[in-house]
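Data first, discussion second: the structure below is written as structure tokens.
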Amino acid sequence: MATFKDFRNNVKPNWCPGCGDFSVQAAIQRAAANVGLEPENLAVISGIGCSGRISGYINSYGFHGIHGRCLPIAQGVKMANRDLTVIASGGDGDGFAIGMGHTIHAIRRNVNLTYIVMDNQIYGLTKGQTSPRSASGFKTKSTPAGSIESAISPMEMALTAGATFVAQSFSTDLKDLTALIEAGIQHDGFSLINVYSPCVTYNKINTYEWFKENLTKLATIEEYDPSNRELAMQTLMKHDGLVTGLIYQNTEQKSYQEHLNGYAETPLAHADLQLDQEHFDKLAAEFM
Ligand SMILES: Cc1ncc(C[n+]2csc(CCOP(=O)(O)OP(=O)(O)O)c2C)c(N)n1
Ligand code: SF4
């Protein structure tokens, strides 16, 4: 049986020392081993950004896609090969700016995969511009007088889009984050896990200390019930989204695959797709 070490490869991450993304990488590796996967059972699909490099740092199948497009690729991989556990991952810019259309539709489509967003509330790779997760007033090179836009609330957005699994974590809470990723992998449907993952180089506001002071663990809220969508929304609004833990899970709703009429028993990846001569000639004739 694989251990988390089997999900390591020999590529040294070039994240800045102290970047929150290191813990997310470790949590994915631990969760994959804890749920009994072998490296050949896992595909990690990422977008572009510092966070997007993660697919290259895990010993599994991987695809480093294009900016904001990890979800279309990840959904395609899962539809073509249901035997793979698929994790999509990227930054808050990747998922909530250029990729937001894909994020909302992937949530409501409910394909069985886990989407992990490394939310540092800034664009890291391009050297520190405002992201849709930056608070209004946030000063960066792209907003020297402070951002005049308000920040997106991804967890509230996910609930309204019909999400069946919504969770949030903080990268230093390795144990909690690992458990949430395990639960996300085991959830039969689309799971969104937003991870506060500080950018120590460009975001001097939302630091490790800032999160420690401002985050509330749902486990400490008496009578919190993650199956209650209304309570989840109220709690998010009350805490300005700054909560960690399993926010909402709906185990009743079927995944996209289960709904799909005619979804073949044999995954496309294992099907014999070779055309015999007769079929090839017939197809070719259509283009003559
Ligand atoms: C189509 C396209 N638009 C813009 C870019 C430039 N770009 C690369 S990464 C990035 C944002 C990175 O921020 P985020 O997704 O939050 O990830 P982080 O680097 O913070 O982990 C941008 C705008 C690009 N590579 N491709
Ligand atoms: S720039 Fe920020 S997000 Fe990128 S590796 Fe460095 S600390 Fe991490």
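The sequence shown begins at -6 in the numbering used here and counts up by one.
Even for Gly, the Cβ is constructed at its ideal location relative to N, Cα and C.
Exercise. Given A67, which residues of its chain have a CB within under 6 Å of its CB, disregarding the five upstream and five downstream residues?
Worked result: I38, V79, A81, L106
Exercise. Taking the Cβ atom as the reference point for each residue, do L173 and Y241 lie within a distance shorter than 8 Å?
Worked result: no
Exercise. Thinking C-beta only, is K132 closer than 8 Å to Y195?
Worked result: no
Problem set entry | For N103, three-class secondary structure by DSSP | coil
For this session: Could you say which of N34, N3, C63 lies nearest to I178 if we only look at CA atoms?
Result: N34
Problem set entry | Beta-ladder partner(s) of T78, from DSSP | L35
Exercise. Going by beta carbon distance, what residues of the same chain come within less than 6 Å of Q282, once the five residues before and after it are set aside?
Worked result: Outside the shown range of the chain (-6 to 281) lies residue 282, about which nothing can therefore be said.
For this session: For A187, write down the residues that DSSP places opposite it in a beta bridge.
Result: Residue 187 is actually Asn in this sequence, not Ala. DSSP, once it has assigned bridges, lists V110, Q161 as partnering N187.
Problem set entry | Supposed contact pair C192 and N113 - C-beta distance, whole angstroms, cut 8 Å | 4 Å
Problem set entry | Neighbouring residues (CB closer than 5 Å to any heavy atom of ligand 2) | W8, C9, C12, C43, G117, C192, V193, T194
For this session: Just the C-alpha distance for G29 and H95, rounded to the nearest angstrom, thanks.
Result: 30 Å
Problem set entry | T171 in three-state terms, based on DSSP | helix
Exercise. Are the Cβ atoms of V188 and L211 separated by less than 8 Å?
Worked result: no
Problem set entry | Secondary structure of F15, DSSP reduced to three states | helix
Exercise. Taking the runs of the beta strand (DSSP E) that are 3 residues or longer, which of them lie wholly in the segment 214 to 244?
Worked result: 236 to 242
Exercise. Taking three-plus beta-carbon pairs below 8 Å as touching, is the segment -1 to 7 in contact with the segment 68 to 75?
Worked result: no
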